[in-house]
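Colleague:
Number of protein chains: 2
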Amino acid sequence: MILKSQVEWALHCCAILAGLPAGRYLSTKALAEFHGLPKEYLSKALQSLSQAGLVDTTLGPSGGYRLARPPAELTFLEIVEAVEGKSRTFVCTNIRENNPCRPQGYCETSPCAVSRIMWEADEAWRAKLRSVRLSDLTEALAQEIPAELWKNSFEWVLERAG
Amino acid sequence: MILKSQVEWALHCCAILAGLPAGRYLSTKALAEFHGLPKEYLSKALQSLSQAGLVDTTLGPSGGYRLARPPAELTFLEIVEAVEGKSRTFVCTNIRENNPCRPQGYCETSPCAVSRIMWEADEAWRAKLRSVRLSDLTEALAQEIPAELWKNSFEWVLERAG
DNA sequence: TATATTAAGGATATGGAATATCCCTATTTT
DNA sequence: AAAATAGGGATATTCCATATCCTTAATATA
């Protein structure tokens, strides 16, 4: 069970978009080049963010993506779910139905204990992702990335932002 | 990102094994029949449990599987990891290395903030699974399964346990 | 001792999802 | 008018989960 690489891409792209001056856009081409990713396929991940309403887009030259909300109002969970989907990581196929001792026509009303527990773990994962804001990420990155590299990256992006 | 169905199978099988009298074994055939699962493929899941040391096995007629430890000393995490593996659900491909502004020969020392956060969420999931014991599951099942069905299932299993 | 039954595991097939590329369309800036 | 962009459909490829089959070694039972 491994998350799509598009999740990683989307998070890094959002971190870049979080640094854009208000009202500016950054294109798929620039984001793909900056991260060394296939442009066409990265585009699919960005479309997922767009469909989830996390980013705004505009067409034409100088077009591209920008955050739909301030970084402090965007959670990791929203970004992850936009790309990965909202369905639970544990799927209950209700195998208890196959119990040969089960009476004819007997029908379970509630989810079995196994799925309840697995879903609680799933929720613990989501709760953690929900508690982290995109602004938390950019603050951490600002700490760990050398000032010179941080500054150069910022300028690189600004040169390409429409 | 969805867990293998073998995870569900392994958990249900462990719940059955937890009800076995001391020293008795239950075969793949019986476990597959009870849960309505393909015997050969379920066998792979049980082999995973065996390789992880969670169950003991014995060969020959009246052979099969039994828990290697009391249900109170077996966690959900151990069972899930035996089948699903221990690797993290988020894989960092270190795309920051592709930053065009990155100096020649520059080498990041620690994991990036994105992966740290994703791994914390992964750990929250594992922590929850680690906190639930197999005995917790059997207690919950004893509560929610009708007494008659519970009793019949127990007898069904005992008739087939070697 | 012979036979039946079992776990273990190798080999192989199948289906679906993730990954990736290509191309067309409508829109918007220049 | 031309160039650049997001959106999205179509398709190919790769990989993994799922599934089946078969052989081998060990063990209980008749």
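Chains as they are written, first to last, in the numbering used here: chain L, 1 to 162; chain A, 1001 to 1162. The C-beta atom is built at its ideal place from N, Cα and C for all residues, glycine as well.
Is residue 1078 of chain A near residue 1045 of chain A, with beta carbons less than 8 angstroms apart?
Modeller: no
Colleague: Is residue 1026 of chain A helix, strand or coil by DSSP?
Modeller: strand
Colleague: Buried or exposed for residue 1106 of chain A, going by 16 or more other Cβ atoms inside 10 Å?
Modeller: A residue is called buried once 16 or more other Cβ atoms fall within 10 Å of its Cβ, and residue 1106 of chain A, having fewer, is exposed.
Colleague: By alpha-carbon positions, which one of L:148, L:112, L:147 and L:32 ends up nearest to residue 1144 of chain A?
Modeller: With distances taken between Cα atoms, residue 1144 of chain A lies closest to L:112.
Colleague: List the whole-angstrom C-beta distance separating residue 154 of chain L from residue 1100 of chain A, where the pair is believed to meet the contact cut-off of C-beta under 8 angstroms.
Modeller: About 13 angstroms; that fails the 8 angstroms criterion.
Colleague: Would a check of beta-carbon distances place residue 95 of chain L closer than 8 angstroms to chain A?
Modeller: yes
Colleague: Can you tell which of L:147, L:16, L:128 and L:103 has the C-alpha that lies nearest to the C-alpha of residue 1148 of chain A?
Modeller: Of L:147, L:16, L:128 and L:103, the residue nearest in Cα terms is L:103.
Colleague: Taking the C-alpha atoms as reference points, what is the distance between residue 1091 of chain A and residue 1125 of chain A?
Modeller: 16 angstroms
Colleague: Any beta carbon from chain L within less than 8 angstroms of residue 1002 of chain A's own beta carbon?
Modeller: yes
Colleague: Taking 8 angstroms as the threshold (beta carbon to beta carbon), is residue 31 of chain L in contact with chain A?
Modeller: Residue 31 of chain L does not count as touching chain A.
Colleague: Beta carbon of residue 156 of chain L: closer than 7 angstroms to some heavy atom of the ligand FMN?
Modeller: Judged by which ligands are present, the structure shown has none, so any question about the ligand FMN falls away.
Colleague: Are the beta-carbon atoms belonging to residue 137 of chain L and residue 1095 of chain A less than 8 angstroms from one another?
Modeller: Taking 8 angstroms as the cut-off, the beta carbon of residue 137 of chain L is found no closer than this to the beta carbon of residue 1095 of chain A.
Colleague: Would you call the CB atoms of residue 93 of chain L and residue 1 of chain L closer than 8 angstroms?
Modeller: no
Colleague: May I ask you to list, following chain order, the residues of the stretch 24-56 of chain L that have a beta carbon less than 9 angstroms from some beta carbon of chain A?
Modeller: Cβ contacts with chain A come from 33, 34, 35, 36 and 37.
Colleague: Note down, one range per segment and in chain order, each beta strand (DSSP E) of at least 3 residues found wholly within the stretch 38-91 of chain L.
Modeller: If we require 3 residues or more, the beta strand (DSSP E) runs fully inside the stretch 38-91 of chain L come out as 55-58 and 64-67.
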